[in-house]
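K.L.:
Provided herewith is a single structure, encoded as structure tokens, for subsequent inquiry.
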Amino acid sequence: MLAFKLAYRNLIGAGLRTWLNVFILSIAFVIIIWHKGLLDGWDKQARRDMISWEYGGGQYWQSKYDPYDPFSISESHGAVPEKLQQQVQKGNLLPILVAQGTIYPEGRVQSIRIKGIKANQNILQLPTDHFNKESENIQALIGQNMAQSNSLDSGEFVILRWRDVNGTFDAREIQIAGIFKTNAPSVDIGQVWVPLEKLQSMLKTPGEATILVKKNTEVPTSQVSGWEFKDLEVLLADLDAIIKSKNVGGSIFWFILLLLAMLAIFDTQVLSIFRRQKEIGTYIAMGMTKRQVVGLFTVEGAFHSVLAILVGAVYGIPLFIWQANTGISFPMEGQDYGLAISEIMYPAYSLTLVVGTILVVIIATLIVSYLPARKISKMKPTEALRGKLQ
Amino acid sequence: MKQEIYSPGKEYNSWQYTTFKLLRMENEAIISIKGVSKQFSMGKGKFTALSEINMQVKKGEFTGIVGPSGSGKTTLLNIIGSLDTPTEGTVKVLGNDISNLSAKKSASLRKTKLGFIFQTYNLLPVHTVFENVEFPLLLLKLSTEKRRKMVEEALSWLGIEDKAKSRPAQLSGGECQRVAIARAMVKKPEIVLADEPTANLDAANSHNILKAMVQLNQQLKTTFVFATHDDKVIKYLRRQVELFDGKIARDNMITQKEA
Chain A
1 MLAFKLAYRN
11 LIGAGLRTWL
21 NVFILSIAFV
31 IIIWHKGLLD
41 GWDKQARRDM
51 ISWEYGGGQY
61 WQSKYDPYDP
71 FSISESHGAV
81 PEKLQQQVQK
91 GNLLPILVAQ
101 GTIYPEGRVQ
111 SIRIKGIKAN
121 QNILQLPTDH
131 FNKESENIQA
141 LIGQNMAQSN
151 SLDSGEFVIL
161 RWRDVNGTFD
171 AREIQIAGIF
181 KTNAPSVDIG
191 QVWVPLEKLQ
201 SMLKTPGEAT
211 ILVKKNTEVP
221 TSQVSGWEFK
231 DLEVLLADLD
241 AIIKSKNVGG
251 SIFWFILLLL
261 AMLAIFDTQV
271 LSIFRRQKEI
281 GTYIAMGMTK
291 RQVVGLFTVE
301 GAFHSVLAIL
311 VGAVYGIPLF
321 IWQANTGISF
331 PMEGQDYGLA
341 ISEIMYPAYS
351 LTLVVGTILV
361 VIIATLIVSY
371 LPARKISKMK
381 PTEALRGKLQ
Chain B
1001 MKQEIYSPGK
1011 EYNSWQYTTF
1021 KLLRMENEAI
1031 ISIKGVSKQF
1041 SMGKGKFTAL
1051 SEINMQVKKG
1061 EFTGIVGPSG
1071 SGKTTLLNII
1081 GSLDTPTEGT
1091 VKVLGNDISN
1101 LSAKKSASLR
1111 KTKLGFIFQT
1121 YNLLPVHTVF
1131 ENVEFPLLLL
1141 KLSTEKRRKM
1151 VEEALSWLGI
1161 EDKAKSRPAQ
1171 LSGGECQRVA
1181 IARAMVKKPE
1191 IVLADEPTAN
1201 LDAANSHNIL
1211 KAMVQLNQQL
1221 KTTFVFATHD
1231 DKVIKYLRRQ
1241 VELFDGKIAR
1251 DNMITQKEA
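So the sequences go chain by chain: A and B.
Counted from 1, the first sequence has number 165 at position 165 by the working numbering; the numbering is strictly sequential.
Each number in the working numbering comes from the position in the second sequence (counting from 1) with 1000 added on.
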């Protein structure tokens, strides 16, 4: 209790010197939490977007399907098994047929992936209600980035060429029925979405599909011959790997910030040992034990972080609330990263993040405060009283 | 009134007995130094700061260890104050053998029974005058109200009540030393050890400070031990223990008449 009282007096009495240290430390606190919150927010948003736009509650893949092998795409389709067909009819599974194709926007050749999807689905966020069932043209949906890179606009026509199941090439004009905006580049870049029945007839594969998307994770999963179930852990593995690498980078940044903050405390404490030697000698002369003096200096250091938490809370909490509501404009295009990045990023500040950061900083402060203070215990009181540098 | 002499076997009432006990305590040495030597390592060799020191200080004395710079005054004062230990010999302060005292007991002795006054005041710069004087009482874990009363009393002894809210940087040298004395005296210690208390003060301030100390010595019966070579202080001492090259060269008790 005495150490707390004296440490408080010493810190408040030191005035500007204390507040400068506290302010610097509070900035480190706020930036650490803000930065981690941003990464967590990005992580959550990316997962959410990928799930709602592409992965649903998991996917069944036709056993030959490999999204990274364009040569096997033409063979990776099959009839929906009876067992899964029931779930499709119940609206728990969404069949998607995938094929390779080419479009010729403005005379250029653009290799694309054609994906057939039901017009009346509500499992994925894709706006398939744009498909005009009454039109005789092949209706197509494309993403905003795809539209921009190929100079395509809603209502325009573009030639699409494909090979059917027999290997026969065919080509027709398709009409852009709608352009959607998404944060998930994998449903946008190089993707053309057409009605499932239309693609099945184009490929001469009636009733067949490549992927079956589960409505949500609660829909029961079945073992079906010729189909493999990929849960979200598998589907989001690439995203998780990218987030993980970002987190490593973030952790380095976090460590540097923490180090800078700790350096400020350590520097103050080391300076104290030299500058406050007489004071230390006086404490001992007046009856404090060396242990009490070490305790006092350690508590003083720790108090810096406690005050920094309070000061940081004063401007940090409103800042965090404001940022969590309005988000942060992210100037980079999602396709540069190949994963879902929203134009506006909403940081997510969890209790674990805030409490964890506070605990880490307090513990680190205690350690860096204790280390120089421990040197005091080796100081002779008579030397300390003379303020003699050792 | 003539002082009655205590006769063993004779019956006394409790008041008389207490008076005899106090008188006996007054005559007993509260600091006893026997054959004390102190050596410091200096490179490969050793430097002898004190050699074969023998002396006793009784309760209520106003004693000075005097001598030129480097004669060992501060070293002896530090040993008495249990801030240092002798290389040889024994030092007993209020019955405690300094050489064998644990760090905790040594700190406890300083906390409860000893007061220190330093040449450079050694006030805590970020604390106010009140807080500086209050500091020893905080260590004694006294209640807030008791601390406040005792601090106010100490500030009034030294005539610095109006400076209670000031910080050391806002005070003159004389005022700083008064604060240092108030801090040393506030807990009413048995012994006050003052190391060159007037070295940084002018003549007028020195006399005022010393008068205050003499007054406290007489009022509270506190034992004062000075380490000094300042003539201004020496004039006030009732006993001078002169050190030269770490040895006692002379031990003068100044009688009332001489003073």
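Note that CB positions come from ideal geometry on N, CA and C, so glycine has one too.
#1: Give me, in chain order, the residues of the same chain whose beta-carbon lies closer than 8 Å to that of LYS44 of chain A; leave out the 5 immediate sequence neighbours on both sides.
#2: List, in chain order, every chain B residue whose beta-carbon is nearer than 8 Å to that of LEU307 of chain A.
#3: Which value, in whole angstroms, describes the spacing of the CA atoms of LYS1010 of chain B and GLN1016 of chain B?
#4: Near GLU208 of chain A, what residues of its chain come up, given a Cβ to Cβ distance below 8 Å and the 5 sequence neighbours on each side ignored?
#5: For a test of the three-state rule: what should DSSP assign to ARG113 of chain A, helix, strand or coil?
#6: On a CA-only basis, which of A:ASN132, A:ALA264, A:ILE179 is nearest ALA364 of chain A? Give me that one, please.
#7: Is there contact between the stretch 209 to 220 of chain A and the stretch 85 to 96 of chain A, where contact requires at least three CB pairs shorter than 8 Å?
#8: Less than 8 Å between C-beta atoms, sequence neighbours within five positions excluded: which residues of the same chain meet that for ARG1167 of chain B?
#9: Cutting at 8 Å between CB atoms, please list the residues of its own chain near ALA1049 of chain B, excluding the five before and the five after it.
#10: What does ASN1122 of chain B touch in chain A if you count any residue whose Cβ is under 8 Å from its own?
#11: Evaluate LYS1257 of chain B with the Cβ neighbour count: other Cβ atoms within 10 Å of its Cβ, from every protein chain shown; 16 or more gives buried, anything less gives exposed.
#12: Of the residues that make up the stretch 1194 to 1221 of chain B, which ones have a beta carbon closer than 7 Å to any beta carbon in chain A?
#13: From SER1014 of chain B to GLU1242 of chain B, what distance separates their C-alpha atoms?
#14: Which word fits GLU134 of chain A, buried or exposed, when buried means at least 16 other C-beta atoms lie within 10 angstroms of its C-beta?
#15: Under 8 Å Cβ-Cβ, which residues of chain B neighbour THR289 of chain A?
#16: Would you say LEU1076 of chain B faces chain E, with C-beta separation under 7 Å as the test?
#17: For chain B, is any of its Cβ atoms less than 7 Å away from the one on PRO185 of chain A?
#18: Candidates A:TYR65, A:GLY143, A:ASN150, A:GLN125: which alpha carbon is nearest GLU106 of chain A's?
#19: What residues of chain B sit near ALA14 of chain A, judged by a beta carbon separation below 7 Å?
#20: Using 8 Å as the cut-off, can you tell me whether the stretch 288 to 307 of chain A makes contact with the stretch 15 to 30 of chain A, which would need three or more C-beta pairs spanning the two stretches below that distance?
#21: Which of the three DSSP states, helix, strand or coil, is assigned to LYS1038 of chain B?
#22: What residues in the stretch 367 to 384 of chain A bring their beta carbon closer than 9 Å to a beta carbon of chain B?
#23: Would DSSP call MET379 of chain A helix, strand or coil?
#24: Excluding the 5 residues flanking GLN175 of chain A on each side, which residues of the same chain have their C-beta closer than 8 Å to its C-beta?
#25: Can you give the beta carbon distance from GLN191 of chain A to GLY143 of chain A, rounded, assuming they're within the 8 Å contact cut?
#26: For THR357 of chain A, which residues of its own chain have a beta-carbon under 8 Å away from its beta-carbon, when the five flanking residues on both sides are left out?
#27: What residue from B:THR1198, B:LYS1187, B:LEU1220 has the CA that sits closest to GLY1060 of chain B's CA?
#28: Could you tell me the distance, in whole angstroms, from the CA atom of THR1228 of chain B to the CA atom of ALA1180 of chain B?
#29: Might you give, ordered along the chain, the residues of its own chain that have their beta carbon closer than 8 Å to the beta carbon of PHE129 of chain A, omitting 5 neighbours on each side?
#30: Should PHE71 of chain A be labelled buried (16 or more other beta-carbon atoms within 10 Å of its own) or exposed?
#31: Count the other C-beta atoms from every protein chain shown that fall within 10 angstroms of the C-beta of ALA171 of chain A, then say buried if there are 16 or more, exposed otherwise.
#32: For ILE273 of chain A, count neighbouring Cβ atoms within 10 angstroms of its own Cβ and tell me buried if that reaches 16, exposed if not.
#33: Any idea what DSSP makes of MET1001 of chain B, helix, strand or coil?
#34: Buried or exposed for TRP254 of chain A, please, with buried defined as at least 16 other CB atoms from any protein chain shown within 10 angstroms of its CB.
#35: Would you mind sorting ILE317 of chain A into buried or exposed? The rule is 16 or more other CB atoms within 10 Å of its CB.
#36: For chain B, check one thing: does any of its Cβ atoms lie closer than 7 Å to the Cβ of ASN325 of chain A?
P.N.:
If we stick to the structure as given:
#1: As a position in the first sequence, residue 44 of chain A is number 44, starting the count at 1. Closer than 8 Å at Cβ, skipping near neighbours: ALA348.
#2: Stepping through the first sequence from its first residue, residue 307 of chain A is reached at position 307. Under the 8 Å cutoff, chain B gives no residues; its nearest Cβ is about 15 Å from LEU307 of chain A.
#3: Counting from one through the second sequence, the residue named residue 1010 of chain B turns up at place 10. Counting from one through the second sequence, the residue named residue 1016 of chain B turns up at place 16. Rounded to the nearest whole angstrom, the C-alpha separation of LYS1010 of chain B and GLN1016 of chain B is 11 Å.
#4: If you number the first sequence from 1, residue 208 of chain A lands on position 208. Answer for GLU208 of chain A: HIS77, GLY78, ALA79, VAL80, LEU97, GLN200, listed in chain order.
#5: As a working note, residue 113 of chain A is residue 113 in the first sequence. Strand at ARG113 of chain A.
#6: Along the first sequence, one-based indexing puts residue 364 of chain A at 364. Comparing Cα positions, the closest option is A:ALA264.
#7: Output reads yes: the stretch 85 to 96 of chain A touches the stretch 209 to 220 of chain A.
#8: Locating residue 1167 of chain B in the second sequence gives position 167, counting from the first residue. The residues PRO1125, VAL1126, HIS1127, THR1128, VAL1129, in chain order, have a CB closer than 8 Å to that of ARG1167 of chain B in the same chain once the five nearest residues on each side in sequence are set aside.
#9: Looking up residue 1049 of chain B in the second sequence gives position 49. Listed in chain order, the non-local C-beta contacts of ALA1049 of chain B below 8 Å within the same chain comprise LYS1038, GLN1039, PHE1040, GLY1072, THR1075, GLY1246, local neighbours out to five positions each way being set aside.
#10: As a first step, residue 1122 of chain B is located in the second sequence; it is residue number 122 there, counting from the start. Here the neighbours are LYS278, GLU279, GLY281, THR282, ALA285, LEU385.
#11: If you number the second sequence from 1, residue 1257 of chain B lands on position 257. Any reading at LYS1257 of chain B must be qualified, since the residue scores a pLDDT of 45, below 50, and its modelled position is unreliable; no value is offered.
#12: Those residues of the stretch 1194 to 1221 of chain B placed with their C-beta closer than 7 Å to a C-beta in chain A do not exist.
#13: Locating residue 1014 of chain B in the second sequence gives position 14, counting from the first residue. Locating residue 1242 of chain B in the second sequence gives position 242, counting from the first residue. Answer to the nearest angstrom: the Cα atoms are 42 Å apart.
#14: For the purposes of this step, residue 134 of chain A is identified with residue 134 of the first sequence, where counting begins at 1. With fewer than 16 Cβ atoms within 10 Å of its Cβ, GLU134 of chain A is classed as exposed.
#15: By one-based count along the first sequence, residue 289 of chain A stands at place 289. Ordered by position in chain B, the residues that pass the 8 Å Cβ test against THR289 of chain A are ALA1103, LYS1104, ALA1107.
#16: Absent from the structure is chain E; the protein chains it does hold are A and B.
#17: Here residue 185 of chain A corresponds to residue number 185 of the first sequence, with the count starting at 1. For PRO185 of chain A, no CB of chain B lies under 7 Å from its own CB, so it is not counted at the interface with that chain.
#18: In the first sequence, counting from the first residue as 1, residue 106 of chain A sits at position 106. The closest CA to that of GLU106 of chain A, considering only A:TYR65, A:GLY143, A:ASN150, A:GLN125, is found on A:ASN150.
#19: Position 14 of the first sequence, counting from 1, holds the residue named residue 14 of chain A. Here the neighbours are VAL1126.
#20: Segments in contact, yes.
#21: On the second sequence, position 38 is the one that residue 1038 of chain B refers to. In the structure shown, LYS1038 of chain B sits in a strand (DSSP, three-state: E or B).
#22: From the stretch 367 to 384 of chain A, only LYS380, PRO381, THR382 have a Cβ closer than 9 Å to chain B.
#23: Here residue 379 of chain A corresponds to residue number 379 of the first sequence, with the count starting at 1. Correct three-state label for MET379 of chain A: coil.
#24: Within the first sequence, residue 175 of chain A is the residue found at index 175, counting from 1. Hits under 8 Å: SER135, ASN137, ILE138, GLN139, ALA140, GLY155, GLU156, PHE157.
#25: One-based indexing of the first sequence puts residue 191 of chain A at position 191. One-based indexing of the first sequence puts residue 143 of chain A at position 143. Contact between GLN191 of chain A and GLY143 of chain A is confirmed by a C-beta separation of about 7 Å, below the 8 Å threshold.
#26: Along the first sequence, read from residue 1 onward, the residue named residue 357 of chain A stands at position 357. Within the same chain, Cβ atoms closer than 8 Å to the Cβ of THR357 of chain A are found at PHE29, ILE32, ILE33, LYS36, the five residues on either side in sequence being excluded.
#27: Within the second sequence, residue 1060 of chain B is the residue found at index 60, counting from 1. Selected option, being the one with the closest Cα: B:LEU1220.
#28: For the purposes of this step, residue 1228 of chain B is taken as residue 228 along the second sequence, with counting starting at 1. For the purposes of this step, residue 1180 of chain B is taken as residue 180 along the second sequence, with counting starting at 1. So the two alpha carbons sit approximately 17 Å from each other.
#29: Counting from one through the first sequence, the residue named residue 129 of chain A turns up at place 129. Note that residue 129 of chain A is Asp in the sequence shown, not Phe. Cβ within range, chain order: ALA119, ASN120.
#30: On the first sequence, position 71 is the one that residue 71 of chain A refers to. Residue environment: PHE71 of chain A is assigned as exposed (fewer than 16 neighbouring CB atoms within 10 Å of its CB, all protein chains considered).
#31: Walking along the first sequence from the start, residue 171 of chain A turns up at place 171. Flag for ALA171 of chain A reads exposed.
#32: Counting from 1 along the first sequence, the entry for residue 273 of chain A is found at position 273. That one is buried.
#33: Locating residue 1001 of chain B in the second sequence gives position 1, counting from the first residue. Any reading at MET1001 of chain B is ruled out, since the residue's pLDDT is 43, under 50, leaving its predicted position unreliable.
#34: Numbered from 1 along the first sequence, position 254 holds the residue referred to as residue 254 of chain A. Buried, by the Cβ-count rule.
#35: Residue numbering aside, residue 317 of chain A sits at position 317 when the first sequence is read from its first letter. With fewer than 16 other Cβ atoms within 10 Å, it is exposed.
#36: Taking the first residue of the first sequence as position 1, residue 325 of chain A is located at position 325. Not closer than 7 Å to any Cβ of chain B, the Cβ of ASN325 of chain A fails to qualify, so no.
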